[in-house]
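Below: one structure, written as structure tokens.
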Amino acid sequence: MRLTLLLSVIMMAGLFLLLYAGVGFLRDKKYFTSAPKEIQDLLPDYIPERFPGAHAVGWILAVISILLLAGPILYGGYNGIIKGFSFGQFFLRFLIMLESLKGFDVLFFDWYLLSHSNFFPHFFPEIPELKDAMGPQLFGFNKKSQIRAAITYIMAALLLALICTLIG
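Quick note on the numbering used here: the sequence shown kicks off at 248 and runs consecutively.
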């Protein structure tokens, strides 16, 4: 169980790093499609690099974040196969990992970063209207997609458990 929780925290770090890469370095409007419509409307089509090479740094961080998201799933499966996990144990491990990630997304990204912090306006000082658009009213703007993702994660945990059970 401790390993499962550790792997979940590593995935959370990967998700945050991905957001940081997109907001802090890549700064391209196409990476903000999951943001509230009000925020998307404030972003210009072209946002210049903050410094030369910022996009390269952003892409490097994005690749690292993808590894931090995929690596724990692969290792969690490998570890479970080595330890002879049953289907139920695999399912529980992957369910905890994926739903923890979803909870982190909702609580940290949506509730804290989007609704109660200065995270996004900090990275876009050239758009002062952004600060006024942020706030608690944005929390829950994407309830349907969050519920859909939570259900999808259950299905993904079932599929991952099945694959690992068949391999093991």
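The beta carbon of each residue, even a glycine, is placed where N, CA and C say it ideally should be. Small disclaimer: the values here were computed from a predicted structure and weren't measured.
With respect to the C-alpha of LEU339, the residue from LEU406, ALA282, TRP358 having the closest C-alpha is LEU406.
By alpha-carbon distance to ALA396, the top candidate from GLN384, PHE334, LEU342 is LEU342. Burial state of PRO372 is exposed, judged by a 10 Å Cβ sphere holding fewer than 16 other Cβ atoms.
Annotation for LEU264: LEU308, ILE311, SER312, LEU315 place their beta carbon closer than 7 Å to its own, counting only its chain and skipping 5 residues before and after. Counting only the Cα atoms, ASP275 lies some 30 Å from LEU254. Residue range 284-289 is occupied by the alpha helix (DSSP H) that includes ASP288.
Nearest neighbour of LEU413 by Cα position, chosen from MET258, TYR322, GLY331, SER362, turns out to be GLY331.
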